[in-house]
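Chains as they are written, first to last, in the UniProt record's numbering: chain A, 1 to 545; chain B, 1 to 545.
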């Protein structure tokens with residue numbers, strides 16, 4: 001489509017599409033697309049609105065339930081694809097079954113690590129815009145700011161009940177906890193699997209964390225007893241408006257692999273229970289299950305998979321649990337009115353390749369990397385009668401898009417905030433109309449606070465080192481070279497300018513709408529039964545901060 | 001099963017199973033398995049014989065037709081798997097369709113290069129046993145020996161008509177040509193795509209073969225005008241017992257990319273025509289189609305795939321051709337009585353990764369490598385009413401097994417020679433009974449004449465350098481580490497001895513049954529219309545040999 005002078009002038013102002021997208025503030029690149037596609041999208045949106053209205057009407061006027069399952073740290077190809085089960089020796093037949101009933105999103109991008117991907121989903125924003133940079137392991141006094149408007153908060157505005165079970169990893173301060181971020185009820189560990197699965201005596205004995213445990217080595221030169229995390233809070237449960245309660249550990253008790261396994265089993269029991277309870281209510285629900293498995297660092301006594309690796313085993317366990325959860329959904333009678341999304345949060349924790357049983361498969365890289373192996377994940381969307389089962393889409397989509405898309409499907413778009421940049425693009429057309437209907441053909445890929453690459457269509461530019469001109473940036477065609485190993489200087493000579501334009505649009509957006517600050521506070525407030533060792537640990541922390 | 005003293009004693013003699021396997025001479029490793037499994041296999045074989053008899057009876061007393069399609073140089077995952085089409089941007093929907101109607105052999109091993117894989121299929125032997133070591137590009141005066149007993153020769157003994165269309169690559173001497181190796185009729189190039197697609201002016205102009213063409217650079221210091229192949233014979237056609245005739249080039253004419261494309265189109269037309277003719281006859285047929293595509297080194301004028309790479313394009317073209325061939329099979333009315341096997345001959349020609357559009361996908365390595373990426377291929381077996389459509393098997397199978405298996409299915413096992421080692425294992429049980437019924441759990445992987453690795457179950461030992469003890473050999477678990485990047489010293493400490501035992505059994509077999517010599521002779525004999533430039537080239541060759 002040819003751009004009119006007015007549109008071009010408006011583009012230069014960076015705010016053309018405010019009206020068409022209901023005043024949501026977007027990144028410049030989205031406006032650039034909207035300037036080309038806006039009229040076509042408006043026509044399609046009218047159809048989609050009618051279709052959504054019909055769907056809601058057929059369901060007694062209610063929008064659908066949403067069940068969001070986010071699997072931790074597995075490679076693209078690791079789950080949902082039967083052929084790949086033969087490569088890995090891990091049977092994921094329950095997830096394969098779900099995939100066969102779903103739209104497979106073959107080009108879903110996430111952030112490269114747990115915390116930022118989850119922030120992007122919850123806020124619909126690149127995590128850096130919320131001040132969220134990195135994964136935090138131990139005590140930090142930081143977390144998702146109360147000022148962020150999360151997806152469950154948006155959905156509650158239109159009457160959804162909300163629940164969260166499992167990994168959270170959005171901070172150790174009260175405001176960041178899920179029951180203070182839009183969830184009616186939540187069961188979650190404050191920290192994550194590094195503390196819960198890696199830093200245990202069992203893992204030390206399995207040779208995966210030598211020297212961690214205080215009694216494991218003499219540590220005769222150790223002055224700082226808090227370099228090795230100690231006394232951290234484990235699993236909490238809480239209701240919105242209430243205090244949290246630690247449920248997994250007694251004062252003085254030592255955390256072990258057995259605790260970790262029991263915690264996982266408890267979350268599985270709780271997600272099934274929550275599903276049953278929420279499905280029985282009149283209101284629609286938004287329920288998320290973020291398992292801690294497959295992360296695990298201890299070999300099982302007895303192997304159930306062909307692979308046998310210590311994470312592979314837990315992935316196969318988890319697959320069975322997903323089967324149980326889907327069977328429960330069926331049993332509630334709500335399956336046909338429930339949108340289920342299952343995906344991974346980022347690539348594998350490749351530091352344990354070979355022994356964990358999880359591997360880089362098709363794409364290179366893993367957790368923490370901007371390479372496709374870090375940010376391309378398996379993703380399946382199931383909605384019986386609405387989304388074509390067994391279909392696939394090669395379109396680009398980013399995890400933040402789920403925020404905007406779920407809001408649209410729930411009829412809650414009006415509650416998306418208008419005072420900050422929202423990166424999430426409405427992908428309802430892609431869900432309902434299938435392949436070829438994505439509204440993005442680009443992704444900005446960050447590692448923590450650093451922009452490391454830009455994806456556009458089938459091209460990907462790795463950001464050149466400071467001072468290096470764009471024409472010398474490595475550019476890859478990821479269809480021809482999925483492992484990003486053969487940079488094509490010819491591409492960057494022509495695309496360098498185009499990629500630089502994209503970079504400028506992105507940076508201009510940031511300049512106009514600066515990042516918001518990360519939430520800060522005293523760690524562990526709002527926990528009613530803090531153990532003495534946690535209080536002591538916090539005191540050491542507070543003494544300096 | 002516990003080994004009896006007699007079996008153990010017989011094993012030590014290396015010849016226990018001669019009676020049970022009908023006197024076929026096997027590698028020691030197979031005898032080792034047979035000593036453990038022989039009784040169970042004998043029971044299963046009785047069932048299979050009955051089942052095959054029923055199948056033949058239902059088909060008027062005839063065994064099935066066999067259509068064998070061998071694709072050149074593509075990675076595991078490149079064809080037949082819809083999900084992977086999204087990764088590569090290459091649509092292989094016709095082959096995907098065939099795969100969905102087939103048993104997918106998820107662990108098919110080949111040799112790592114064209115010539116040896118094809119020899120292994122044709123002879124049922126590791127190519128080195130027939131003196132076949134390497135890929136030959138230009139004039140050598142060598143080829144598959146007349147003394148080898150090929151699969152079409154075996155099948156002709158029980159009344160099959162036989163045909164070959166496409167790549168042959170078994171030598172430039174008369175005895176090695178397909179019409180002298182069991183095929184009633186054949187259309188084939190003497191050499192291969194290096195000559196036919198890579199060494200052309202067009203490829204030079206596309207920057208893929210700089211300096212080849214004599215007029216392309218001054219070559220002022222070139223004395224040897226035959227270092228760059230010149231005047232080689234191109235495509236031949238021949239009937240058994242007759243002379244071959246060159247059909248693709250006139251005297252004095254220069255070979256071009258257009259000739260190459262026309263040759264490919266001609267082979268496609270001829271395979272369709274052959275299929276029609278053979279299907280109309282009373283006798284069963286064995287027909288093989290070994291396309292030259294996707295090998296190609298020139299960008300197309302117009303791209304048809306999302307990928308657009310110069311080989312990717314031809315793979316998508318070829319996929320359409322496979323669809324046409326399968327439709328023709330359906331049209332003949334013989335589809336239900338035709339066993340179709342489609343597979344690749346080895347990993348991709350990775351030297352052109354990035355621009356060809358074909359890539360290493362899941363496994364590391366490609367053509368010429370003993371790594372899984374060199375020798376693991378997509379392989380599909382379709383036999384309506386007999387083989388379970390849409391099934392998969394994770395069992396190990398080797399391309400040489402097809403020799404023995406096709407012979408069994410055709411009722412021609414008695415015609416397999418008894419005077420030389422046959423490596424091909426009868427995999428009829430795997431075909432008919434499905435996963436878990438393979439009769440091999442090992443592969444010896446050669447690169448040319450050199451044994452480079454040994455595969456056993458999920459383990460793979462890379463042969464240590466000379467003098468390095470077995471306990472220091474890199475050993476991989478290819479389920480946990482499909483890219484063979486994280487050798488586990490712990491594995492080799494226990495498996496070193498077991499792998500060395502396997503090596504000894506293999507070497508003892510060779511000592512007892514030495515390799516046969518490669519066929520030798522004067523190149524280009526038996527061609528009735530040799531062009532003057534080919535005669536001249538041969539004279540230069542002959543002057544020294």
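Glycine included, each C-beta is placed from N, C-alpha and C at the ideal position. Bear in mind the structure is a predicted one, so any value in this text is a computation, not a measurement.
Counting only beta-carbon separations shorter than 8 Å, does residue i have a partner in chain B?
| i | result |
| --- | --- |
| residue 82/A | yes |
| residue 473/A | no |
| residue 495/A | no |
| residue 532/A | no |
| residue 312/A | yes |
| residue 161/A | no |
| residue 353/A | yes |
When burial is assigned at 16 or more other CB atoms within 10 Å of the CB, is residue i buried or exposed?
| i | result |
| --- | --- |
| residue 131/A | buried |
| residue 42/B | exposed |
| residue 468/B | exposed |
| residue 527/A | buried |
| residue 281/B | exposed |
| residue 81/B | buried |
| residue 221/B | exposed |
| residue 395/A | buried |
| residue 483/B | buried |
| residue 226/A | exposed |
| residue 46/B | exposed |
| residue 16/A | In this prediction, residue 16/A has a pLDDT of 39, which is less than 50 and means its spatial position is unreliable; what the coordinates show is noted afterwards. Label assigned to residue 16/A: buried. |
| residue 37/A | exposed |
Which residue from the options puts its Cα closest to that of residue i?
| i | options | result |
| --- | --- | --- |
| residue 311/B | 297/B, 111/B, 275/B and 322/B | 297/B |
| residue 425/A | 109/A, 103/A, 324/A and 71/A | 109/A |
| residue 559/A | 210/A, 411/A, 276/A and 84/A | With chain A running from 1 to 545 in the structure shown, residue 559/A is simply not present. |
| residue 384/B | 94/B, 116/B and 335/B | 335/B |
| residue 32/B | 545/B, 159/B, 441/B and 523/B | 441/B |
| residue 404/B | 388/B, 429/B, 393/B and 389/B | 429/B |
| residue 505/A | 443/A, 490/A and 183/A | 443/A |
| residue 262/B | 234/B, 285/B and 245/B | 234/B |
| residue 500/A | 521/A, 463/A, 375/A and 519/A | 463/A |
| residue 267/B | 168/B, 474/B and 284/B | 168/B |
For residue i, would you say it is in contact with chain A, using Cβ-to-Cβ distances shorter than 8 Å as the test?
| i | result |
| --- | --- |
| residue 215/B | no |
| residue 587/B | Absent from the structure is residue 587/B, since the part of chain B shown begins at 1 and ends at 545. |
| residue 402/B | no |
| residue 488/B | yes |
| residue 382/B | no |
| residue 528/B | no |
| residue 392/B | yes |
| residue 483/B | yes |
| residue 171/B | no |
| residue 106/B | yes |
| residue 357/B | yes |
Tell me, please, which residues DSSP counts as bridged to residue i.
| i | result |
| --- | --- |
| residue 397/B | 108/B |
| residue 293/B | DSSP, once it has assigned bridges, lists no residue as partnering residue 293/B. |
| residue 288/A | 68/A and 164/A |
Strictly below 7 Å CB to CB, what residues from chain B border residue i?
| i | result |
| --- | --- |
| residue 362/A | 87, 361 and 362 |
| residue 307/A | 479 and 480 |
Tell me whether residue i, by its Cβ, gets closer than 7 Å to a heavy atom of the ligand NAD.
| i | result |
| --- | --- |
| residue 169/B | The ligand NAD is not among the ligands present in this structure, which contains no ligands whatsoever. |
Starting from residue i, find everything on chain A with Cβ-Cβ shorter than 8 Å and list it in chain order.
| i | result |
| --- | --- |
| residue 461/B | Near residue 461/B there are no residues of chain A at all, since even the closest Cβ is about 15 Å away, more than 8 Å. |
| residue 366/B | Ordered by position in chain A, no residue passes the 8 Å Cβ test against residue 366/B, which lies about 12 Å from the chain. |
Name, please, each residue of chain B whose Cβ falls closer than 9 Å to the Cβ of residue i.
| i | result |
| --- | --- |
| residue 337/A | None at all; the shortest Cβ gap to chain B is about 28 Å. |
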